[in-house]
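To start, the structure under review is shown below, and the notes come after it.
In our numbering, the protein residues as written are 25 to 131.
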């Protein structure tokens, strides 16, 4: 059974419009989402990746416009695409921007 959505599609569409205002191509739109996620997502937070707790410590964007979460566990660091990042049951503040990005991307 699929979980009920945490945010309404109308709300996510409003966020998409806000993130992509004045963006003229997909690259600029991705930068708009990166900016909104970076400014609004409360980090650090803990989530699970492959059954292991990891700390999401920051957000970055690659030269290919992929938004990634910078995760740590013990002394190891790894970048995980935000589209693939499992979110914890208790969402951090600003997680709605990740959901809006996923909706915009079609994920």
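Just so you know, even glycine gets a beta-carbon here, dropped at the ideal spot from N, CA and C.
Proximity below 7 Å, CB of residue i to CB of residue j
| i | j | result |
| --- | --- | --- |
| residue 31 | residue 90 | no |
| residue 131 | residue 39 | no |
| residue 73 | residue 96 | no |
| residue 106 | residue 122 | yes |
| residue 87 | residue 77 | no |
Cβ-based neighbour list, residue i, same chain, cut-off 6 Å, excluding 5 preceding and 5 following
| i | result |
| --- | --- |
| residue 62 | 83 |
| residue 64 | 118, 121 |
Sequence-distant residues of its chain with Cβ nearer than 7 Å to residue i (five each side left out)
| i | result |
| --- | --- |
| residue 117 | 66 |
| residue 129 | 107 |
| residue 127 | 36, 40 |
Local Cβ density within 10 Å of residue i, reported as buried at 16 or more and exposed below that
| i | result |
| --- | --- |
| residue 14 | This structure cannot speak to residue 14, because the chain is shown only from 25 to 131. |
| residue 102 | exposed |
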